[in-house]
Each structure stands twice: as C-alpha cells, then as structure tokens.
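Residue numbers (the numbering used here): 6 to 209.
What follows is one structure encoded as structure tokens, with my remarks underneath.
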C-alpha cells in the first residue's frame with residue numbers, strides 16, 4: 006500500500022514469517038507406515054513433518070507400487086537452507102528419511118522440491134500489539150478484506166482460512182458485516198477439531 010504511515014510501517018517491520026520447503030520423495034513400496042503424517046522431533050534432522058499421501062488419499066498416488074512422501078522443512082528467508090539447490094535438498098531429504106528408519110534408503114527413487122515463502126507467521130513476544138496497529142489502519146480502507154495466514158497474520162488451519170474466504174465473499178456480495186478478524190482467536194490451541202457449519206466454525 007502506498008504512503009503507509011510510519012507507525013504502521015514500523016509495525017509491519019516487526020512481524021516475521023517462516024518459509025516452508027517441501028521435499029517430495031517417490032518411494033518404491035505401498036505399505037511404508039500406517040500414519041497419514043508424522044511430526045519429527047529429532048535434532049539430527051531438518052525435517053519437521055512427513056506426510057504419506059497414499060495413506061491420506063490413495064488416489065493421489067499412481068497405481069504402480071510406489072508412494073509419494075512429503076518432507077517439510079522450515080526456515081527463514083536468510084537461512085542457508087532456503088538458498089540450497091533442489092538437488093541438495095533432495096539429498097538432505099533422502100538422508101533425513103533414512104535416519105527415521107521408516108523407509109529403506111534404497112527404495113527412494115526420485116525427488117522434487119517446492120518452496121513456499123512466508124507461510125508461517127511467527128508469534129513472537131509483543132506481536133499482537135503490532136498486528137493491532139496494522140489492523141486499525143487496514144480497517145480504515147473501504148472495500149479491503151484481509152484473510153488467511155498471510156493476510157491476517159494468523160496461524161490458521163485450512164478450515165479457518167476457508168471460512169474467512171466464505172465470509173469475505175458474503176461481506177462483498179451480500180453487504181454482510183462478518184468480523185473476519187474474529188475467526189481463529191484461540192491463540193493457545195491451533196489444532197482444534199472443528200467443522201464449517203452454516204453459521205460458522207464449530208468445535209467438535
């Protein structure tokens with residue numbers, strides 16, 4: 006936005022995001038482990054989460070006896086990991102997966118890398134005050150609807166972001182006045198079980 010007030014610009018400068026690197030590995034085998042995804046807590050690895058797409062949605066994997074796994078790595082834009090080449094990241098993914106013991110390293114056939122910048126808002130001490138300054142300014146701009154992790158600086162699940170989008174559409178099309186900032190204000194629990202109902206997000 007042009008001509009941002011200095012206090013708003015300063016508040017924006019105090020907020021940080023982390024990036025995600027997805028290393029997809031094609032593995033020879035279909036029954037690798039029973040989970041949809043696993044969180045990894047091992048200081049030897051750069052991988053933080055492994056998703057098994059064959060267990061998630063079998064139709065996402067080819068019917069050729071192979072499985073696609075996604076290894077997620079998180080970093081800041083200035084980190085060396087973000088600057089690494091695809092081939093180096095695929096090799097790192099191979100090493101990490103081997104260290105987990107989930108897969109025979111010889112079964113890993115191929116890899117592919119996707120980089121997603123600025124997708125994890127970092128909740129550092131005092132961030133809410135900075136967000137409030139930004140929010141107060143954005144609320145003065147008629148017709149602007151701020152949604153999602155990137156727009157609202159919220160650690161949303163997909164259902165939160167979908168609901169934000171649906172209610173933003175109602176605000177635009179039906180001239181409703183849904184408070185988009187009020188969605189996902191539980192800063193203590195991020196993985197709550199919930200569903201989207203006709204009246205909004207409902208915890209189950």
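We treat Cβ as the ideally placed atom computed from N, Cα and C, and that holds for glycine.
Taking only the alpha-carbon atoms, compute the straight-line gap between residue 13 and residue 156 and give it to the nearest angstrom.
Within the chain shown, numbered from 1, the residue matching residue 13 stands at position 8. Within the chain shown, numbered from 1, the residue matching residue 156 stands at position 151. C-alpha separation (whole angstroms): 15 Å.
Going by DSSP, what residues sit across from residue 30 in a beta bridge?
Taking the first residue of the chain shown as position 1, residue 30 is located at position 25. DSSP output for residue 30 lists 74, 116 as bridge partner(s).
What separation, rounded to the nearest whole angstrom, lies between the Cα atoms of residue 122 and residue 86?
Position 117 of the chain shown, counting from 1, holds the residue named residue 122. Position 81 of the chain shown, counting from 1, holds the residue named residue 86. About 13 Å.
Whole angstroms are fine: how far does the CA of residue 133 sit from the CA of residue 174?
As a first step, residue 174 is located in the chain shown; it is residue number 169 there, counting from the start. As a first step, residue 133 is located in the chain shown; it is residue number 128 there, counting from the start. Straight-line measurement puts the Cα of residue 133 at about 26 Å from the Cα of residue 174.
With distances taken Cα to Cα, identify the nearest neighbour of residue 149 among 182, 161, 162.
Numbered from 1 along the chain shown, position 144 holds the residue referred to as residue 149. Comparing Cα-Cα distances from residue 149 to each of 182, 161, 162, the minimum goes to 182.
Where does the unbroken alpha helix (DSSP H) through residue 53 begin, and where does it stop?
In the chain shown, residue 53 corresponds to position 48, counting from 1. No alpha helix (DSSP H) holds residue 53; the beta strand (DSSP E) holding it covers 52-57.
When 188, 104, 135, 36 are compared against residue 53, the one with the closest alpha-carbon:
On the chain shown, residue 53 is found 48 positions in, with the first residue counted as 1. Among 188, 104, 135, 36, the Cα nearest to that of residue 53 belongs to 104.
Beta-carbon separation (whole angstroms), residue 116 vs residue 98, contact threshold 8 Å:
Counted from its first residue, the chain shown places residue 116 at position 111. Counted from its first residue, the chain shown places residue 98 at position 93. The Cβ separation is near 6 Å, so the contact holds.
Which term fits residue 41, buried or exposed, when burial requires 16 or more other beta carbons within 10 angstroms of its beta carbon?
Locating residue 41 in the chain shown gives position 36, where the first residue counts as 1. Sixteen is the threshold: since fewer than 16 other Cβ atoms of the shown chains lie within 10 Å of the Cβ of residue 41, the residue is exposed.
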